[in-house]
Amino acid sequence: MTMRSVLLALGFVAIVVWPFLVDNTFYTHIGVSVWMFTILALSMNLMLRMGQLSLAHGAIMGLGAYTAALLMLRLDVPFLPAFICSGLVGALVAAITGPVMLRVKGVYFVLLTFAFGEIIVLMFIDWVSLFGGHNGIFGVPRAELFGFVLRDRSYSYLFALGLAALAYLILRWIYSTETGAVIDALHDDEDLARSLGVNALGYRIGIFIVSGFMAGIAGGFYASYFTFVTPESFTFWTAVDALVMNILGGIALPLGAVIGAVMLVPLPELLRDSQEYQILFYGLILIFFLKFLPDGVVGVIKSLSTDSSRSLGKRFMKILAWRQVK
Amino acid sequence: MRKSIQAGVIAVAGLAAFGSFQASADEVLTIGVVSALEGPGSEWGRGVDGGTRIAAKEINEAGGLTVNGTTYQIRVRSYDDGYAAARAVAAVTRLIEQDRVNFVLGPLGSGAALAVKPMYEEHGILALVNSYTPETLADNPQYTYRVLPTTAEYVGPIVGWINENHPDIQRVAIISPNDQTGWDSQKSQVATYEEFGYDIVGTELFERATRNFQPFVTRIMAQQPDLIELDTTPPGTAGLIIRQAREMGYQGMFSKIGGPGVPEIVDAAGKEFAEGTVVYVAADTENPKYAEMEEAYAEIYPPPMNAFNVFFYDAAHMLFEAMQRAGTVEDVEAVRAELLAMAPYEGMQGTLVWGGEELYGNNNQLQTPTFVGLIQDGKEVIVDRIAVE
Amino acid sequence: MSLIKLENLCVDYGPISAVKTLNAEIMNGSITCILGANGAGKSSTLGCLAGLVPVSSGRIIYDGQDVTSHQAHQMVSAGVTLAPEGRRLFPGLTVYENLRLGAYTGHAREGFQEQLEAVFGYFPRLRERRDQLAGSLSGGEQQMCAIGRALMSRPRVLLLDEPSLGLAPKIIVEVAKIIRSINKTGITVLIVEQNAKLALQLSSYGYVLETGSLALEGPCKDLLHDDHIRQAYLGGTAA
Amino acid sequence: MLQLTIQIAVNGLTFGLIYILMALGFTLIFGIMRVVNFAHGEFYMVGAIGILLLFGTLGFNYYLSIVFAVLCVGLLGVIVERVLLRGFVGRELNSMIMALAVAITLQALAAILFGPQEQSVARPVTGVLQVAGVFIPRDRIVVGVIALAVLIAFYLFLRYARYGLAMRAVAQDPAAAALQGIRPGFIYSLAFGVGSLLAGLAGALMAPVYTISPFMGDVPMMMAFIVVILGGLGSIPGAVVGGLLLGFVESLFSTFFGSTIATMIAFGMVVLILLFKPSGLMGRAQ
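Chains as they are written, first to last, in the numbering used here: chain E, 1 to 326; chain W, 327 to 715; chain B, 716 to 954; chain R, 955 to 1240.
This is the structure in structure tokens:
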């Protein structure tokens, strides 16, 4: 066992047990928010990895949240199926809109998803009988796993941590497969990827569906944890937050999304004492990071360890190798 | 060089994390404020904080709050909720868990109030909130009280005044912002105007960010109203609507029964156009106490002071007095009992009582005197004072 | 007398090196050509001279001065102008506007009208098409416009990247004739071509690049009769 | 009915001109730098605050205040471009977020310095022009005339001026532009400066017509966004066509159906355009 793996194991244990040692549910609440946003940030990482920034992810998370809330509250569906449905709705939206929207690229895709997301939020607001308007939906039941209600925040924390870890592992797995190599190639040079016979759109839709599922799950968690759902939590600013997490942490690795969430989510709490200056500080900190750490924290770590395994050439070789194996 | 800067940033961020959490000292009574202190909505949100802090400061400067022989310095912990529900939850969690407060003023905004109401009820936190939705007082809350009047409280007296003094008016159009506040308050407006026998010829909702009302006004004027009711439209925006309607040739009357802000209306509409508008007046600015408050406010936030400060100033004083009467700053039940028993209470501008039974099914609403105002020569003139029963 | 001297010029794109320790000299008032297959490093060399491609190591000496780190606008001001591969006209601007942009730098602006007449003299067709969008011109006309635009900067050195690419044989002859007459006015010409026969006939001295390295150099008369050149570049392709 | 139609058309034209001012700067910056300038609305706001300060508080002449405020906004734009955005040319994502960060910071700064509430300045021009039953407030006529004059000047600048030509060249092909001796860095600064100057002008013109607050830039920013997508990102004629189109659509639909429906229609048009002709009504396919 190396030093590194001992440290990693210790770090993991610390992350799991600290809410039970520190008797302050406020910290636990921040921890829950961190892992919830980690899921969204990871789902955004999938999109960014293939070079498609979606500003609709806040709205997709919202669809997940409203799905879980409505199923549990209006149809008395138990938590687990409702929770899974929130992910499925996210995936479904991606599956339906993906074939049309993913034909659009670059800035145009950003703007398209922006408009699409805003239309969904307008729908939450204006379809009052279903979505409850600006007030949203209150009194959503808490998560209940196999008869055990997660009333205590520490358990919600573990649940969120588990989901985030799962999402992280799924991303790691996807990136290590052929799909990962292909979406990297699509990002770098679509013409080349296509000339190798890659069905670009098919891969894009697939990734979008997975990403939509994860955003929906984040929403499902939101609904049961906060026990309410309001439209203002799911505007494009939520997608922007997820994006900023990725940029701060670094897009190159899924770990970047996690680091970004860990950095960004507690930031408003750290700045709370500065009262009316907190938004200003938030903006300045953002500018500072973008200016001096343009590749995020992961970029710094990478430049320190001088490991450039993701060089352009190597990735093309990787994809070529996959083709030949087939 | 670059790398050492980067390392430095991370270290500083880490230090900041530890520095900001501090324990409180002895003999200090901490109460919480959750409100919109920044961004849109903060012009009202700061009223919750300002009023509370002015009241606390007065007591502190007079030597502190003596409860059952112990003298406390009052410390107000104010957190911004950015007018958003999820952030209000974080702020209230912090007040309860971190600052261990038993009493909270705020939040502002319907979504935020509804989001934190279950937390107040569950943890037994006595909360004096600022929100327009009647849902706030639904389900008979035990710890949640509303300390400022909403449209539902004062629309009746003011429409009654219009009915008496402007008998020629028949057709009324009502304009409200398109959000929960606007929807809820428009409902009470419609009900009240109909009760007095008016024809409602149009009800309109607009997005809060709208500044261009020409198309909107064109449409309303096609209905030929005698009176345009501006409801809870923010005052500056209300002024814009008045001006744009007058410029498009509207000859009828305006009323704005909802929220304070005559100077902003006059600024945006222009003196001639604003003339004769009937307004709800939240605070009597002629009151000498009001000028004192404005001075105190200027030390906390840049002026102008919003009239909401007055309600939270009174509410905070009521709360502190209730603690003295109950002889405890810990026992929320005792303080709550005293708070309810205190009314009728002589507030800054008249008698305050608990009420609201017929609207909400409980008496968790603090009723305040209603002032009917008229804009004359660019100034607000109080033409009628209607005390609570 | 040499006007431009390349000393151990290297160009790298990340891990790939496009030009390896190239040494070359361009005589004042000459027409010099660089030959080579696709990807041999010809365009990168021209790009360096034009200040568009950063030099990884080595030096560029122009008129006795080190211009290795000069940027594109500085090279244009110094009198080195490139007519790039694929013309790179501004398709949404008119022919006149394209030519006007050619005379963007300080010294070229002063004699604008005079130079415009000179360009219209070389290419009468451009005068007819003066107010037409550059994107709507035929291939030959576009090439003329590109050369004309480069001339508008009143260069001492004209760099031409694949001027014959995609043109009909008849037009190629016409363009070649004009290049020669431009050279006669005292402008040094450096030409990069895949059409080796054309280049060798036009130039007095040639360099042959293969995968970034100098393979051969010499007077064009000699190169035309070199066996290797005949096989590799002139063999099947009779231009 | 005819009267109403004319009124709607006149309203549409007056909104359209302001939208065009906003959208032109936005599209210019995108066309040249490939930066989606999320801070564009904040430049509008700064222009309006300039009027609040110079004309409202200090009491300078209104037209002089416009000139001064607008030049300051242009300068601010140049500084923002030089210091914060220069490094991100070609990195669309990072530059977009940097622009967002600038927007957040400017908004917060304005709220701290001038308070979050809506404020008004006196109108330099008052009264209404009434022609055949159609009402046109005089201040809007002034706004319209100034906007139109600036648009024409801007057109002439782009069409005939040396730097205008250089801007168009950089937008079409930055590398080829560099080969003509154009310094792209200088053009970036110029484009960002001119773009923010136009936004600042829109803000300065609308300051006395509407109210002034730190958050006033959000809606015009959104409108610029919509206009630019309708017309085609980076397309100057597109900004003009898109601006007029949006002005008329908004005027028409909010007169008959209300502003929420008008907003939804605008977003709907954006989605349709992006799906079926992403290069916009006037844009070239890329």
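Beta carbons are placed, not taken as given, at the ideal position from N, Cα and C, and that holds for glycine.
Residue range of the unbroken beta strand (DSSP E) whose run includes residue i
i: Val430 (chain W); result: Phe429 to Leu434
i: Leu924 (chain B); result: Tyr920 to Glu925
i: Ile554 (chain W); result: Leu553 to Glu555
i: Asn456 (chain W); result: Leu452 to Asn456
i: Tyr777 (chain B); result: Ser772 to Tyr777
i: Phe399 (chain W); result: It should be pointed out that residue 399 (chain W) corresponds to Gln in this sequence rather than to Phe. Segment Thr396 to Asp406, the beta strand (DSSP E) holding Gln399 (chain W).
i: His862 (chain B); result: According to the sequence displayed, residue 862 (chain B) carries Ile and not His. Ile862 (chain B) -> not in any beta strand (DSSP E); alpha helix (DSSP H) instead, spanning Gly854 to Leu866.
i: Tyr606 (chain W); result: Val604 to Val607
i: Thr356 (chain W); result: Val354 to Ser361
i: Pro99 (chain E); result: Looking at the DSSP string, Pro99 (chain E) is not in any beta strand (DSSP E); the run it does join, the alpha helix (DSSP H), is Phe79 to Met101.
i: Gln1084 (chain R); result: Val1082 to Val1085
i: Gly817 (chain B); result: Per DSSP, Gly817 (chain B) belongs to no beta strand (DSSP E); it is in the alpha helix (DSSP H), Val810 to Gly817.
Delimiting residues of the alpha helix (DSSP H) encompassing residue i
i: Tyr1016 (chain R); result: Tyr1016 to Val1034
i: Phe646 (chain W); result: Phe634 to Ala652
i: Ala1158 (chain R); result: Pro1138 to Met1160
i: Val1181 (chain R); result: Asp1172 to Gly1185
i: Glu590 (chain W); result: Val588 to Ala595
i: Gly106 (chain E); result: Gly106 to Asp126
Cβ of residue i within 8 Å of any chain W Cβ
i: Asn246 (chain E); result: no
i: Glu232 (chain E); result: yes
i: Gly1192 (chain R); result: no
i: Gly256 (chain E); result: no
i: Ile15 (chain E); result: no
Per DSSP, the bridge partner or partners of residue i
i: Met742 (chain B); result: B:Ser717
i: Asn689 (chain W); result: Answer is none; Asn689 (chain W) lacks a bridge partner.
i: Val679 (chain W); result: W:Gln693
i: Cys725 (chain B); result: B:Ser772
i: Ala499 (chain W); result: W:Gly528 and W:Ile554
i: Arg472 (chain W); result: W:Val455 and W:Gln691
i: Ser732 (chain B); result: B:Asp727
Residue i vs residue j beta-carbon contact at 8 Å
i: Val415 (chain W); j: Ala441 (chain W); result: yes
i: Leu761 (chain B); j: Ile719 (chain B); result: no
i: Leu873 (chain B); j: Cys748 (chain B); result: no
i: Gly1186 (chain R); j: Gly1234 (chain R); result: yes
i: Phe131 (chain E); j: Tyr66 (chain E); result: yes
i: Tyr277 (chain E); j: Val32 (chain E); result: no
i: Ile209 (chain E); j: Ala94 (chain E); result: yes
i: Asn500 (chain W); j: Glu555 (chain W); result: The sequence shown places Ile at residue 500 (chain W), not Asn. It is a contact, given that the beta carbons lie within the stated cut-off.
Below-8 Å beta-carbon distance, residue i vs any chain E residue
i: Val1000 (chain R); result: no
i: Gln512 (chain W); result: no
CB contact check: residue i to chain R, cutoff 8 Å
i: Ala787 (chain B); result: yes
i: Lys302 (chain E); result: no
i: Glu276 (chain E); result: yes
i: Tyr777 (chain B); result: no
i: Met126 (chain E); result: The sequence given here has Asp at residue 126 (chain E), not Met. So yes, Asp126 (chain E) belongs to the interface.
i: Asn538 (chain W); result: yes
i: Gly565 (chain W); result: yes
i: Tyr282 (chain E); result: yes
CB-CB length for residue i against residue j, believed under 8 Å
i: Arg401 (chain W); j: Leu355 (chain W); result: 7 Å
i: Ala1057 (chain R); j: Ala993 (chain R); result: 4 Å
i: Met1223 (chain R); j: Leu1184 (chain R); result: 6 Å
i: Ile39 (chain E); j: Ile217 (chain E); result: 6 Å
Any non-hydrogen atom of the ligand GTP closer than 7 Å to residue i Cβ
i: Gly1013 (chain R); result: Inclusion of the ligand GTP in the displayed structure is not the case, the ligand content being empty and no account of it being possible.
Any C-beta of chain D under 8 Å from that of residue i
i: Pro1078 (chain R); result: Protein chains E, W, B and R are contained in the structure displayed, whereas chain D is not.
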